[in-house]
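This report refers to the structure that appears directly beneath it.
2 protein chains.
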Amino acid sequence: MSTLSDQPTVPYDPPADVPSVDVDWLGRYLLGQWADERLATRDAIRNNPQLHRVDGLGMDEHRERVLHQLGILVEEGAVHRAFPKYVGGSENHGGNIASFEELVLADPSLQIKSGVQWGLFGSAVMHLGTEEHHRRLLPAIMSLEVPGAFAMTETGHGSDVSSIGTTATYDPETEEFVVHTPFRAAWKDYLGNAALHGKAATVFAQLITGGVNHGVHCFYVPLRDDEGHFLPGIGGEDDGLKGGLNGIDNGRLHFDHVRIPRTNLLNRYGDVAPDGTYSSPIESPGRRFFTMLGTLVQGRVSLDGSATLAAKLALHVAITYATQRRQFPGAGSEEVVLLDYQRHQRRLLPRLAQTYAMSFAHEDFLEVFDGVFSGRKASDDDRQDLETIAAALKPLSTWAALDILQEAREACGGAGFLAQNRVAQLRADLDIYVTFEGDNNVLLQLVAKRLLGDYAKRFKKADAATMARYVAGQFGSSALDRSGLRQVGQRVADFGSTARSVGQVRDAAAQRQLLTDRVETMVAELAGRLRAASKLDPVAGQKLFNENQNELLEAARAHGELLQWESFTAAVDRVEHPGTKQVLTWLRDLFGLGLIERNAAWYLIHGRLSGQRAQAITDYIDDRLLPRLRPHALDLVAAFRLEPEHVRAEIASGAEQQRQDEARAYYAELEASGLAPVPEKKSGAQR
Amino acid sequence: MSTLSDQPTVPYDPPADVPSVDVDWLGRYLLGQWADERLATRDAIRNNPQLHRVDGLGMDEHRERVLHQLGILVEEGAVHRAFPKYVGGSENHGGNIASFEELVLADPSLQIKSGVQWGLFGSAVMHLGTEEHHRRLLPAIMSLEVPGAFAMTETGHGSDVSSIGTTATYDPETEEFVVHTPFRAAWKDYLGNAALHGKAATVFAQLITGGVNHGVHCFYVPLRDDEGHFLPGIGGEDDGLKGGLNGIDNGRLHFDHVRIPRTNLLNRYGDVAPDGTYSSPIESPGRRFFTMLGTLVQGRVSLDGSATLAAKLALHVAITYATQRRQFPGAGSEEVVLLDYQRHQRRLLPRLAQTYAMSFAHEDFLEVFDGVFSGRKASDDDRQDLETIAAALKPLSTWAALDILQEAREACGGAGFLAQNRVAQLRADLDIYVTFEGDNNVLLQLVAKRLLGDYAKRFKKADAATMARYVAGQFGSSALDRSGLRQVGQRVADFGSTARSVGQVRDAAAQRQLLTDRVETMVAELAGRLRAASKLDPVAGQKLFNENQNELLEAARAHGELLQWESFTAAVDRVEHPGTKQVLTWLRDLFGLGLIERNAAWYLIHGRLSGQRAQAITDYIDDRLLPRLRPHALDLVAAFRLEPEHVRAEIASGAEQQRQDEARAYYAELEASGLAPVPEKKSGAQR
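Chains as they are written, first to last, in our numbering: chain G, 11 to 697; chain W, 11 to 697.
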């Protein structure tokens with residue numbers, strides 16, 4: 011929230027007493043800059059049960075319900091914020107994504123289907139088309155008159171878009187493109203809206219004119235008539251049931267020499283004249299390709315935010331339950347509340363810290379996104395930074411969401427498995443988030459490539475500069491060559507050279523130093539090892555890179571974690587309220603020290619931590635941070651501001667507390683009545 | 011396979027060339043001692059599509075289908091092996107479990123519903139009842155005439171069975187027990203067969219007679235009449251949709267002063283005479299309780315085996331796909347096969363090694379189980395060892411199965427999410443395996459308790475002996491006081507005192523020393539820290555234990571991993587065929603060194619490994635083991651002997667290879683025709 015970040019920072023001053031969290035303030039803080047848009051969506055979900063997921067619908071019913079829900083979103087005006095003003099949008103990119111993210115609370119199927127319609131299909135027209143396309147095509151897309159598919163992925167090619175097999179060959183005789191699927195692996199696949207509802211699609215295909223392949227471009231292709239029948243030459247299949255998101259009609263499409271007008275090429279970055287002459291404002295085919303794909307980064311932004319929100323919901327459920335459910339008699343006669351067990355704290359509180367880190371990092375990420383998409387801060391560097399942040403954060407948060415949802419499920423035992431408690435289904439729906447809109451491992455490789463590229467630039471060594479080429483080769487391009495490493499370098503500079511010993515591992519400066527140093531050192535080591543690639547033939551060079559691939563991705567992950575930590579720390583720095591600041595500082599420490607603990611072997615091997623210090627970190631987490639945070643767990647969850655209509659989980663509704671109270675009252679009354687049976691041990695009643 | 015373990019061991023002799031695996035032999039070896047029973051179930055599944063899971067059934071249809079499938083199992087004679095010969099069984103306990111485990115290949119719902127009927131409901135009658143009960147009740151249970159529920163868990167008490175709220179109060183006037191649910195938290199919950207099909211239940215309740223509570227006992231309680239209506243005083247609810255296993259009608263039950271004959275107490279371990287006098291062959295109520303529960307260990311045995319089998323299926327799918335699917339152009343013009351990427355190897359091959367470890371460990375586990383349940387090797391010590399092994403292995407394998415299924419899902423990308431490729435659904439079904447039949451964290455705590463108890467015994471120090479009490483307290487008993495630590499101690503003795511340096515980290519002796527040392531040292535450290543508990547009041551003592559709970563569970567996990575490693579190593583030692591032995595040795599090394607790598611921080615902190623050696627382990631895995639194992643991945647999967655009718659996943663059917671071949675043929679032909687479009691880069695065709 012900009013109102014908050016404007017305010018002065020209060021210096022860190024730990025209170026003598028147990029601090030208290032200003033939950034209301036923290037709640038507003040977490041909602042961030044686009045709080046209004048977020049709250050508008052939350053209100054819509056709260057007030058309209060028609061938007062809620064209904065368990066147990068068959069696939070067909072679920073798909074129909076979700077289509078109907080999309081209509082509600084149109085009526086609510088909830089989904090047009092990003093579109094140009096001249097077609098009725100408001101060109102509010104950050105707010106559009108923020109609002110979209112909240113839809114995960116309604117039903118992930120609803121969210122992703124609306125993402126397909128307006129975030130992918132509509133966005134492709136908006137970002138890859140020109141004003142003529144906008145005026146001609148967007149109104150029907152915005153109103154849902156034309157539901158559409160985003161036909162990029164093929165059965166045979168997902169992450170490697172540049173190798174897709176579908177062709178669009180220009181025929182100057184008729185001034186048409188002929189869209190064609192040459193073999194089974196080139197069928198478009200996994201497309202939302204393809205199996206049933208899609209009346210058109212934005213189809214990615216190799217643009218061929220005059221015998222030259224100009225690479226992947228996007229075409230607007232009508233699919234079905236008003237009765238829902240495929241148009242001539244078009245065919246498809248239903249992908250059928252999936253592991254989740256069964257409210258979406260994913261399917262396959264294929265094209266048998268389907269003719270579309272020349273003007274259906276979305277021609278912002280590449281055009282074909284009536285005579286077949288190709289032209290583009292971007293000369294390099296590689297750069298052109300990545301520019302086109304780059305407009306689609308919003309998918310990754312919004313998944314990062316959605317995953318974070320799902321994690322909040324899961325922790326709301328599991329932590330609420332953990333403070334009410336009791337298990338095993340303690341030293342007194344009372345049974346112990348789950349969250350008082352150290353193991354249970356270890357299971358839930360670090361994940362709570364991680365969720366806060368994800369939340370603050372996402373807010374920063376969304377701001378960068380809005381800067382680029384609004385044009386406020388949209389240089390090539392800004393765009394490429396945005397890509398790197400997206401490639402670093404989306405994998406971390408989507409994987410974390412699955413981990414958190416699963417731990418929440420298990421922490422609720424059998425109750426966690428029931429649909430009525432929501433968590434298991436949410437996990438099933440979010441499963442695909444880790445491989446769509448960029449497979450997580452492939453995205454991390456993109457980050458690693460930029461880290462290496464930046465490193466090479468920084469040292470301006472010709473042979474180091476060749477390093478990035480092979481990794482790039484795996485993506486079919488070397489267009490992306492900047493990264494966050496530059497910033498990392500600055501950070502290291504701020505704190506002097508790599509520290510061999512840390513005075514206090516637990517202060518923010520020490521955490522920063524350790525986390526930054528790890529990224530720096532991993533990249534430098536990799537760069538050193540990969541330098542030899544410049545002297546090798548391509549096959550041997552590729553082999554050398556492949557032998558370091560796992561570590562490359564680990565470096566990328568470390569970079570993403572550092573970004574999260576920096577955002578968390580900056581967010582804590584802006585807090586004024588002493589109690590809130592204290593508790594958030596502990597939570598940030600739990601996140602930061604947790605990262606260091608998880609990678610302790612690396613720090614030990616590289617002489618950055620002594621064994622004693624490494625052990626001290628674990629002890630500090632167990633003996634200090636977890637007990638300190640335990641009393642604030644409910645407050646920290648309350649600050650997520652999820653209302654009962656958002657949570658919709660029986661065990662987080664107070665029902666468990668009621669059951670516990672009733673049971674304890676029963677035993678108390680029985681004891682008081684004098685009729686309680688005596689335990690055998692005390693009775694001597696056995697023969 | 012006993013035929014194999016009889017044969018002499020061939021000394022380790024690495025062949026100069028690439029070794030080859032004798033897949034056929036290895037396949038038989040993996041099937042183990044109860045190969046015939048396993049193959050009988052696999053044949054039944056292969057030959058009868060009626061037993062296969064059908065995706066997309068609604069919950070109601072799925073439940074009916076699974077009930078029908080149970081009838082097929084009765085007809086096939088597949089489910090009566092464990093029962094007494096005098097009611098038509100064959101008293102083949104190991105074979106019964108082996109056969110049951112294979113059912114996971116048909117449909118986990120079918121498996122678990124059959125487990126409820128014959129493994130829990132029927133087993134309770136068999137193990138907790140006496141011959142009169144067997145003759146009176148088992149025939150109708152075996153024939154499925156009486157489907158039944160196993161009514162132990164309550165909404166308010168799962169892992170802590172001894173605190174359940176349901177009461178069974180003896181009324182000498184009528185010679186009946188009055189079964190009663192005193193409050194909502196005491197409703198029986200999550201019970202298969204409770205929502206719809208159950209006509210009776212084995213109900214666990216506090217046995218009260220003459221004003222004395224003799225603790226939890228089991229009662230046979232009729233639930234529904236022939237029309238499926240609840241009998242008077244009985245009520246219930248449907249648990250509804252779940253995260254998986256929706257072919258099972260889980261539900262809740264409650265009892266309002268329901269009267270059953272005195273003789274419906276399953277009275278093997280505790281009886282009530284007509285006049286209300288209680289008697290038991292086991293004097294200590296705690297020991298009696300654990301003896302009764304101990305008869306139910308087979309649930310844990312069979313989940314360990316089922317989880318291992320599910321992991322095999324997942325790896326069959328993912329590794330098959332990984333050797334056919336290509337992604338991103340390599341240094342040549344060919345696209346690279348997924349499994350040639352180092353990261354992909356890192357994702358799948360260590361999990362393959364883990365699955366082999368689980369498979370061999372399970373075979374040893376099943377043999378111990380069969381020894382106890384057949385009476386061949388059934389001393390108190392044997393029983394308690396069995397419990398410890400079960401508590402150590404079931405958590406590891408069920409968690410591993412979820413991890414492996416998820417990684418397999420992700421490694422297959424979007425295709426992994428489709429129901430037609432099976433993995434996502436299997437993961438959803440197996441989710442609950444980690445918290446039922448003993449919550450994994452609670453089971454590990456049981457292991458830790460025994461490790462401490464054994465340690466205390468070994469050192470015979472009075473104050474050390476108190477250690478186990480507090481952990482035990484959390485389970486409401488101190489009846490279990492033996493563990494595998496004794497064996498661990500012997501192992502350490504075999505290899506001299508804890509080694510501070512290891513010559514060759516990669517040989518078996520060094521792996522054993524490192525893995526064993528870690529368990530030993532963790533337990534000794536914990537014992538030292540917990541010794542102070544004897545001098546504290548109960549509240550402070552409990553606090554001290556809780557402060558070490560997380561590490562206690564880590565020690566238990568390390569113990570379980572050591573058991574897996576030992577079984578794997580013993581299994582490799584028995585192999586004769588040089589190529590097979592070589593490849594399995596590499597695979598065992600990958601498992602063992604992988605464990606050490608994962609816990610490298612511990613080894614470094616404790617001075618067991620130098621930084622250099624720790625790094626050498628990672629390098630050895632990446633640079634040697636993964637590349638060596640890569641060519642054998644398909645063979646190692648083929649040895650699981652899963653046939654197409656067991657796998658039933660489109661992408662593992664050869665369809666992907668066909669698609670790849672077709673695409674490559676298309677491009678080759680296009681190239682040969684001279685009509686292939688020229689890439690823009692080479693054409694100079696842009697203006």
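Glycine included, each C-beta is placed from N, C-alpha and C at the ideal position.
Annotation for residue 609(W): no alpha helix (DSSP H) segment contains it, and DSSP assigns it neither H nor E. In the DSSP assignment, residue 198(W) falls within the unbroken beta strand (DSSP E) covering 198-201. The beta carbon of residue 169(W) sits closer than 8 Å to the beta carbons of 448, 449 and 452 from its chain, once the five residues preceding and following it are set aside; these are given in chain order. For residue 556(G), the C-beta contacts it makes with chain W under 8 Å involve 350, 351 and 352, in order along the chain. Following the DSSP letters along the chain, one finds residue 655(W) inside the alpha helix (DSSP H) bounded by residues 654-657.
Against chain G, the CB of residue 382(W) has no partner CB under 8 Å away; the residue lies outside that interface. Check the Cα spacing between residue 265(W) and each of 176(W), 298(W) and 351(W): the tightest is with 176(W). Judged by DSSP in its simplified three-state form, residue 218(G) adopts strand.
Residue 138(W) is not a Cβ neighbour of residue 178(W), given a cutoff of 8 Å. Residues 89 of the same chain have their beta carbon placed closer than 6 Å to that of residue 128(G), with the five preceding and five following residues left out of the count. Judged by DSSP secondary structure, residue 439(W) falls within the alpha helix (DSSP H) whose first and last residues are 433-440. Distance between residue 281(W) and residue 275(W), taken at the CA atoms: about 7 Å. Interface annotation, residue 192(G): in contact with chain W, CB-CB separation under 8 Å.
Taken in chain order, the members of the stretch 205-239 of chain W whose beta-carbon sits within less than 7 Å of a beta-carbon on chain G are 218, 220, 221, 222, 223, 224 and 225. Within the stretch 124-158 of chain W, no residue has its Cβ closer than 8 Å to any Cβ of chain G.
Under the three-state reduction of DSSP, residue 242(G) is assigned to coil, being neither helix nor strand. Residue state for residue 427(W) is assigned as helix, using DSSP reduced to three classes. Rounded to the nearest angstrom, the Cβ distance from residue 636(G) to residue 359(G) is 6 Å, consistent with a contact under 8 Å. Contact of residue 369(W) with chain G is not assigned, every C-beta pair being separated by 8 Å or more. Rounded to the nearest angstrom, the Cβ distance from residue 300(G) to residue 212(G) is 18 Å, too far for a contact under 8 Å. Around the CB of residue 608(W), fewer than 16 other CB atoms lie within 10 Å, so the residue is classed as exposed. Taking the Cα positions, residue 41(G) is about 44 Å away from residue 162(W).
Beta-carbon to beta-carbon, residue 614(G) and residue 624(G) are separated by about 6 Å, close enough to satisfy the 8 Å threshold. Between residue 115(W) and residue 102(W), the alpha-carbon positions lie close to 22 Å from each other.
DSSP places residue 278(W) outside both helix and strand once states are collapsed to three, so it counts as coil. Under a criterion of Cβ atoms nearer than 7 Å, no residue of chain G is adjacent to residue 529(W); the nearest Cβ is some 18 Å distant. Residues of the same chain with a CB within less than 7 Å of the CB of residue 418(W), apart from the 5 flanking positions on each side, are 324, 325, 327, 328, 426 and 433 in chain order. If you ignore the 5 residues before and after residue 228(W), its C-beta comes within less than 6 Å of the C-beta of 134, 138, 212, 214 and 276, all in its own chain and listed in chain order.
Proximity of residue 451(G) to chain W, defined by a Cβ-Cβ separation below 8 Å, is satisfied. Contact between residue 110(W) and residue 312(W) holds: their C-beta atoms lie close to 5 Å from each other, under 8 Å. Under the Cβ criterion (8 Å, minimum of three pairs), the stretch 429-446 of chain G does not count as touching the stretch 341-350 of chain G.
Around the beta carbon of residue 190(G), 16 or more other beta carbons lie within 10 angstroms, which makes this residue buried.
Straight-line measurement puts the Cα of residue 338(W) at about 23 Å from the Cα of residue 399(G). Looking at the DSSP output, residue 417(G) sits in no beta bridge, so it has no partner there.
With 16 or more other CB atoms across the displayed protein chains lying within 10 angstroms of its CB, residue 593(G) is buried.
For residue 263(W), the secondary structure class from DSSP, reduced to helix, strand or coil, is strand.
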